[in-house]
Amino acid sequence: MASNTNTKQVVITSPSEKFNSIILPEFPLLLAPMEDVSDPPFRAVCKDNGADLMYTEFISSEGLIRDAIKSRRKLDIFDYERPIGIQIFGGDEESLALAAKIVDVTQPDLLDINFGCPVKKVALKGAGAGVLKDVDLMVRLTAAVVKSTSLPVTVKTRLGWDENSLNIEEVAERLQDVGIKALTIHGRTRCQMYKGEADWTLIGKVKNNPRIKIPIFGNGDIDSPQKALEYKNRYGVDGVMIGRAAIGYPWIFREIKHYYKTGELLPPPTVEERVNVVRKHLRKSLEWKGPIVGINEMRRHYANYLKGLPNIKEYRNKLVTLTNPNEIEAVLDEIIVRYSGYEFTRTPIELVDYHEKCKLQ
Ligand SMILES: Cc1cc2nc3c(=O)[nH]c(=O)nc-3n(C[C@H](O)[C@H](O)[C@H](O)COP(=O)(O)O)c2cc1C
Numbered sequence: 001m002a003s004n005t006n007t008k009q010v011v012i013t014s015p016s017e018k019f020n021s022i023i024l025p026e027f028p029l030l031l032a033p034m035e036d037v038s039d040p041p042f043r044a045v046c047k048d049n050g051a052d053l054m055y056t057e058f059i060s061s062e063g064l065i066r067d068a069i070k071s072r073r074k075l076d077i078f079d080y081e082r083p084i085g086i087q088i089f090g091g092d093e094e095s096l097a098l099a100a101k102i103v104d105v106t107q108p109d110l111l112d113i114n115f116g117c118p119v120k121k122v123a124l125k126g127a128g129a130g131v132l133k134d135v136d137l138m139v140r141l142t143a144a145v146v147k148s149t150s151l152p153v154t155v156k157t158r159l160g161w162d163e164n165s166l167n168i169e170e171v172a173e174r175l176q177d178v179g180i181k182a183l184t185i186h187g188r189t190r191c192q193m194y195k196g197e198a199d200w201t202l203i204g205k206v207k208n209n210p211r212i213k214i215p216i217f218g219n220g221d222i223d224s225p226q227k228a229l230e231y232k233n234r235y236g237v238d239g240v241m242i243g244r245a246a247i248g249y250p251w252i253f254r255e256i257k258h259y260y261k262t263g264e265l266l267p268p269p270t271v272e273e274r275v276n277v278v279r280k281h282l283r284k285s286l287e288w289k290g291p292i293v294g295i296n297e298m299r300r301h302y303a304n305y306l307k308g309l310p311n312i313k314e315y316r317n318k319l320v321t322l323t324n325p326n327e328i329e330a331v332l333d334e335i336i337v338r339y340s341g342y343e344f345t346r347t348p349i350e351l352v353d354y355h356e357k358c359k360l361q
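Following this line, the structure appears as structure tokens:
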């Protein structure tokens with residue numbers, strides 16, 4: 001059992017002299033790659049609140065090669081985001097290797113391969129978690145990427161295809177052998193999608209396998225500082241990756257850090273802090289997506305950020321209908337005045353089953 005007195009930094013080693021190794025603090029917190037969520041505006045507010053390593057949304061290797069605009073856009077990364085990883089997926093060696101070369105040009109700090117995406121359009125085409133059914137293929141795909149880039153290559157995957165084929169222990173050893181520099185494991189199988197509770201037992205087994213030298217990051221259902229620390233201590237992982245809990249609540253990162261350092265819980269963010277995050281997210285959205293898409297896509301975030309404020313509906317309705325950024329900012333000013341000094345009670349973060357909701361299906 002690991003303890004929180006361990007003061008070692010976590011290093012993702014660079015395979016070449018061209019790039020520096022990534023030095024992360026002890027117990028690093030990673031922001032999960034999330035399609036349609038982990039874009040630059042969202043990443044900016046997570047970074048401000050303490051995410052130590054972030055990832056882009058996954059990018060199709062085929063899309064990159066075709067130069068599809070959507071895939072290209074996802075390559076946008078900014079210096080203030082470092083260290084940052086670009087995540088790609090695909091089921092073909094040549095395409096993945098070529099996509100890795102395209103990613104190289106944008107010079108992220110690492111390149112991550114997604115072998116975890118469970119949705120049909122990816123997994124049933126032999127990419128994402130689909131590769132978990134064929135470990136030889138997974139190894140060949142990974143080796144092809146490692147060979148074609150001088151960036152550190154990392155992998156994110158699940159425990160196995162289904163409960164009868166939990167092969168993550170074999171997967172971890174074999175991927176380490178072909179040169180990956182860190183592994184993130186989501187404690188579910190492909191067939192579980194997002195159902196049930198994540199099982200971290202096998203993640204702990206991988207971490208505690210003496211053959212495994214690379215950092216192992218655990219992922220799945222972290223929604224509070226207490227759970228993050230409990231899981232770190234119980235399973236010995238080098239760090240935890242957080243996805244859904246950060247949606248609408250980027251303060252989760254600073255709360256975990258504070259709890260790790262002091263054993264105490266921070267008070268929930270004030271209304272000013274919440275509104276400031278909304279402003280930053282909105283401004284970054286406008287900058288990066290332009291006024292129309294920026295305003296539209298921001299609409300799904302207000303409710304999450306302002307959750308817990310009594311009678312917020314009236315303001316929220318304005319926020320999701322206004323189209324002029326100055327008018328939106330004026331409503332945000334009103335919210336600060338109206339709720340100044342409001343004391344939030346701490347409520348558990350709700351982890352939504354995105355399998356049912358998100359358009360990835
Ligand atoms: C909306 C959404 C989109 C996701 N997109 C990706 C993705 O692009 N790449 C990936 O590796 N995982 C993706 N995931 C999975 C998350 O990275 C993470 O493994 C999963 O949500 C479990 O972590 P959590 O319980 O902290 O949310 C996505 C998850 C959600 C909720």
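Counting along the sequence shown from 1, when you hit position 313 you're at 313 in full-length UniProt numbering, and nothing is skipped either side.
Ideal Cβ positions, reconstructed from N, Cα and C, are used throughout, including at glycine.
Quick caveat, the model's predicted, so the values are computed rather than measured.
Residue i in three-state terms, based on DSSP
{"i": "T106", "result": "helix"}
{"i": "L286", "result": "helix"}
{"i": "S3", "result": "Unreliable positioning characterises S3 in this predicted model, as indicated by a pLDDT of 42, which lies under 50. A coordinate reading is not provided."}
{"i": "L24", "result": "strand"}
{"i": "D353", "result": "coil"}
{"i": "A330", "result": "helix"}
{"i": "N219", "result": "strand"}
{"i": "I113", "result": "strand"}
{"i": "C46", "result": "helix"}
{"i": "V237", "result": "coil"}
{"i": "L319", "result": "helix"}
{"i": "S16", "result": "coil"}
{"i": "N276", "result": "helix"}
{"i": "K125", "result": "coil"}
{"i": "L266", "result": "coil"}
{"i": "K359", "result": "Only weak support exists for where K359 lies, its pLDDT of 39 falling under 50; the value from the coordinates is given anyway. In the structure shown, K359 sits in coil (DSSP, three-state: anything other than H, G, I, E or B)."}
{"i": "L309", "result": "coil"}
{"i": "G63", "result": "helix"}
{"i": "E35", "result": "coil"}
{"i": "D162", "result": "coil"}
{"i": "Q226", "result": "helix"}
{"i": "E94", "result": "helix"}
Bounding residues of the beta strand (DSSP E) (the contiguous stretch that carries residue i)
{"i": "Q87", "result": "I84 to F89"}
{"i": "I12", "result": "V10 to I12"}
{"i": "M54", "result": "L53 to S60"}
{"i": "G243", "result": "Where G243 is concerned, there is no enclosing beta strand (DSSP E), given that its DSSP letter is neither H nor E."}
{"i": "T158", "result": "For the record, residue 158 in the displayed sequence is Arg; it is not Thr. Looking at the DSSP string, the run of the beta strand (DSSP E) that includes R158 is V153 to R158."}
{"i": "L29", "result": "L29 to L31"}
Cα-Cα separation between residue i and residue j, rounded to whole angstroms
{"i": "L351", "j": "S16", "result": "39 Å"}
{"i": "S60", "j": "F89", "result": "5 Å"}
{"i": "I252", "j": "V139", "result": "34 Å"}
{"i": "E334", "j": "R283", "result": "18 Å"}
{"i": "K120", "j": "E343", "result": "44 Å"}
{"i": "S38", "j": "A32", "result": "8 Å"}
{"i": "I292", "j": "V171", "result": "44 Å"}
{"i": "P325", "j": "F58", "result": "29 Å"}
{"i": "G187", "j": "G218", "result": "7 Å"}
{"i": "T345", "j": "D109", "result": "38 Å"}
{"i": "I84", "j": "F42", "result": "13 Å"}
{"i": "E329", "j": "S285", "result": "14 Å"}
{"i": "S71", "j": "G116", "result": "19 Å"}
{"i": "K181", "j": "K307", "result": "39 Å"}
{"i": "D238", "j": "Y339", "result": "40 Å"}
{"i": "D92", "j": "M54", "result": "25 Å"}
{"i": "S150", "j": "A303", "result": "42 Å"}
{"i": "K101", "j": "E35", "result": "22 Å"}
{"i": "N167", "j": "D136", "result": "12 Å"}
{"i": "L64", "j": "A99", "result": "6 Å"}
{"i": "V11", "j": "Q176", "result": "15 Å"}
{"i": "D67", "j": "D76", "result": "14 Å"}
{"i": "E272", "j": "I336", "result": "6 Å"}
{"i": "K257", "j": "P268", "result": "14 Å"}
{"i": "I185", "j": "Y315", "result": "40 Å"}
{"i": "R211", "j": "E169", "result": "10 Å"}
{"i": "residue 365", "j": "V105", "result": "Past the boundaries of the shown model lies residue 365; the chain is included only from 1 to 361, so the question cannot be answered."}
{"i": "P28", "j": "A51", "result": "8 Å"}
Anticipated Cβ contact below 8 Å, residue i with residue j, distance rounded
{"i": "V206", "j": "I216", "result": "6 Å"}
{"i": "M241", "j": "L30", "result": "4 Å"}
{"i": "D199", "j": "L159", "result": "7 Å"}
{"i": "G128", "j": "N114", "result": "6 Å"}
{"i": "V145", "j": "L96", "result": "5 Å"}
Extent of the continuous alpha helix (DSSP H) to which residue i belongs
{"i": "A144", "result": "V135 to S148"}
{"i": "G204", "result": "T201 to K207"}
{"i": "I185", "result": "It is not in any alpha helix (DSSP H) - I185 instead sits in the beta strand (DSSP E) that spans A182 to H186."}
{"i": "D177", "result": "I168 to D177"}
{"i": "M298", "result": "P291 to Y305"}
{"i": "S340", "result": "No alpha helix (DSSP H) contains S340, which DSSP labels as neither H nor E."}
{"i": "R254", "result": "I252 to T262"}
{"i": "I69", "result": "I69 to R73"}
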